[in-house]
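In full-length UniProt numbering, the protein residues as written are 1 to 640. First up is the structure itself, then whatever we jot down about it.
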C-alpha cells in the first residue's frame, strides 16, 4: 500500500517543466523595448488627438448651453432654436450645481439637464458607527463624476423640434422638511408649464425621484416616441481589474418579479415590464426603480477594459446604457421612481423589499438558499464581535464540524472497501478472462458484505452544494471589503507577498501566499484520500479502460496547481477558507483513522454480514437479472 502513496518525482518534474515552458513562451513572445516605446509613442499621439477632439466637442457643447447672457444676439438665436423650451435659457445658469447629501451619500445635481453629475458613497454604518468608504488607493468612492454618466429625455415638440433635456437648463428650487431634503428641477416653457425632476433624500442610499410634466400637452408631440436615456461608464474601485470586472454587470427585474442580467461580453437586449435596472460595479451599484413598470426597455453593456493596458492605467470597466420609452397620460408625463447609489450589500439591499438582493450573486437554487439562510447569517453573527479574518476561521471550523459526519461516512466506506480488497483481487484473478462473471461475483460479494462502492462517493457529492455556496459567498461579501488579516490588506481581493517584474498568463504579476498555503493543504489532503481510495480500488484495470490509479495520481498534483494558478487573483478570504478547511479535514481524517475506525471490527462486521441472508431490493434484483440474461446470451452466442 505504501507504493501507492509514494511521491512520484517524475510526474512533479513534468508538471514543473510545463509551467516553465509556459513562462518562457510568454516572455519570449513579449515585444522588445523598441517596439514598446514605438507603441507608446503612437498611443500618446492618438490620445492627444482624442483629447483635442474632446476639448473641441466640450467647447461646442458649452456654447450651446452656457450662454454669454450679455450677448443678446446669441441669446435670441439660442432661444429660437429651442422653441418653447427656450423660455428660461437667458435666466438660468447651466453651469451651476446643487448638493443633496446625508451622512451616507452626497449628490451634486446640475442645472444643465437637471441630472446627477456627481454621486459619492461617503460611508456605511457598522455596529452603529459611521465608517468611511474609500477605493483601493484610498480615494473617495464615486459612482458618477466628471461626465461618466448622463440622464435625459429625448422628445419631439409639436413644431417638430427634437429636444434632448440633458443639454437644457433646469431651474432649481431647494427646500428642507425635517430630515428630508428636496430639490425640484424644472425645465419651463412658461411660468406655470414645465417638465420637472424631483429629488428627495433622507438618511439613506435610496433617493425618491420622479419625472412629471405640467401644461405640456400642447408642447410635446404625442405621436412621436419619448425616450428616457440613462448611461453610465463604471469606474474602477478595486485593486484587481480582472476580478472586479468579472463582477461588474447589468441586472434587471422584469415580468412581475423575475430577475436576470446581461453577461460579461458586449451585449444588447430588449426586455418587457421592467421594474428596476441596476448597474452593478462589483461592491457598489446604481439602480433605477419605478413604481409603475416600464412597458419596454432596451439595455446594453460594453466591456471596455483593454487587456493590453497595465492595470495601474485602467480607470473604467464597462459602459452601461438603457433606453426606456415613456408614455403620456392625459397628455402629461407622471412617473414615480427611486434612485439608489450605494453598496452592493445583501443586508442593505434586502431591507428595501424590492428583490434588489438578487443583484448579489449568491448562486441559484440550493446554493443561494445555503448562502441566504445559513452562511450570510452565520458570518454576520461572527463578524459582529470578531475581526473578519478570525470570523472566517471560526465559520470554517463550524462548517467542517457540521460536515464531519459526512466525512466519517465517506472514510468508513473506503475502509470497508479496503478490508474486502483481497477477496476482490481473488475474484479478479479467478475470472480474469470473463468480465461478465467477474462483475457478477463482485456484486455478490458487495451484497453479502453489506458494502456499496458508491457509498464513498455520495457523501462527497453531498458536500458540493456547501463548497459552491462558499465559492459564491466570498467574492460577494461586502463585509470583507478592505478588511485586513495577517499579511492580507483586503480579504475581498488578492493578497500580495511579492510583485513580479513580468506577467504570467492566468497567474498574474504577483505572488499571493494564501493560495500557496491552500494548494499545499489540498496536496496533502488529496494524498491521504487518494491513497485510501486507490487501496480500495479493483485491480487489474480492464484492457481498453483508463488506469484509474494513474488518473488519481495526476489529479493529486494537478488540483493543487489549479488552485495555485486560478486563485492567485481571487479574494484572499476564499483562499484562507480553503486553507483552514483542508487543514481541519486532514485533522478530522487522522482522528477517524487512528482513533475511530477499527479495521478488525470492520472485518468482523463484514464477516457477520456475510452469514446473514441478504434481501435484494428491486434495483439489485433488476441488475442481477440483466447480468444473468447477458451471461446466458453470451453463452448462446459462443455455441453458434
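Idealized CB from N, CA, C, for every residue including glycine. No experiment lies behind these values; they were computed from the predicted model shown.
Looking from the CA of residue 583, the closest CA among 570, 523 and 573 belongs to 523. Comparing C-alpha distances from residue 486 to each of 343, 387, 295 and 124 shows the shortest one belongs to 387. Counting along the chain, no beta strand (DSSP E) covers residue 585; the unbroken alpha helix (DSSP H) around it starts and ends at 572-591. Unbroken beta strand (DSSP E) runs of no fewer than 3 residues, entirely contained in the stretch 322-349, are found at 334-343, following chain order. When the Cα atoms are used, residue 574 and residue 519 turn out to be separated by approximately 12 Å. The beta carbon of residue 150 sits closer than 6 Å to the beta carbons of 166 and 231 from its chain, once the five residues preceding and following it are set aside; these are given in chain order. The stretch 331-349 makes no contact with the stretch 299-312; the number of CB pairs closer than 8 Å stays below 3. By the Cβ test, the stretch 253-269 is in contact with the stretch 289-309, since at least three Cβ pairs between them sit closer than 8 Å.
A check of alpha carbon separations from residue 567 across 87, 587, 527 and 494 identifies 494 as the nearest. As the crow flies, the alpha-carbon of residue 357 is around 12 Å from that of residue 363. Annotation for residue 418: the continuous alpha helix (DSSP H) segment containing it runs 388-419. One alpha carbon belongs to residue 281, the other to residue 213, and they sit about 32 Å apart. Cβ contact annotation for residue 245 (same chain, cutoff 6 Å, sequence separation greater than five): 305 and 317, in chain order.
DSSP assignment within the stretch 486-531 yields the following whole beta strand (DSSP E) runs of 3 residues or more, N-terminal first: 498-504 and 508-511.
In the DSSP annotation of this structure, residue 245 is not part of any beta strand (DSSP E); the continuous alpha helix (DSSP H) holding it starts and ends at 241-246.
The shortest C-alpha to C-alpha distance from residue 209 to any of 183, 279, 234 and 351 is the one to 183.
For residue 158, the closest alpha carbon among the candidates 99, 218, 185 and 375 is that of 218. For the pair of segments examined, the stretch 104-112 was found to touch the stretch 193-210: the number of CB pairs separated by less than 8 Å reaches three. Taking C-alpha positions only, residue 570 is separated from residue 243 by approximately 7 Å.
By the Cβ neighbour-count rule, residue 186 is buried, with 16 or more other Cβ atoms within 10 Å of its own. Around the CB of residue 128, fewer than 16 other CB atoms lie within 10 Å, so the residue is classed as exposed. With fewer than 16 other Cβ atoms from the protein chains shown falling within 10 Å of its own Cβ, residue 595 counts as exposed. Judged by DSSP in its simplified three-state form, residue 198 adopts strand. With a beta-carbon spacing of about 5 Å, residue 228 and residue 324 fall inside the 8 Å limit used to define contacts.
For residue 137 and residue 314, the gap between their C-alpha atoms comes out near 13 Å. Here residue 390 is exposed, its C-beta having fewer than 16 other C-beta atoms within 10 Å. Looking at the DSSP output, residue 230 bridges to 151 and 322. With respect to the 8 Å criterion, residue 235 and residue 143 are classified as neighbours on the basis of their beta carbons. Taken through DSSP and simplified to helix, strand or coil, residue 441 comes out as helix. Here residue 290 is bridged, per DSSP, to 337. Of the other Cβ atoms in all chains shown, 16 or more fall within 10 Å of the Cβ of residue 476; this residue is therefore buried. Within the model, the alpha-carbon separation for residue 367 versus residue 471 is close to 10 Å. Under DSSP, the beta-bridge partners assigned to residue 185 are 172 and 197. Check the Cα spacing between residue 407 and each of 119, 528 and 168: the tightest is with 528. Checking the DSSP bridge columns, you'll see residue 316 partnered with 235. The shortest CA-to-CA distance from residue 466 to any of 384, 374 and 286 is the one to 374.
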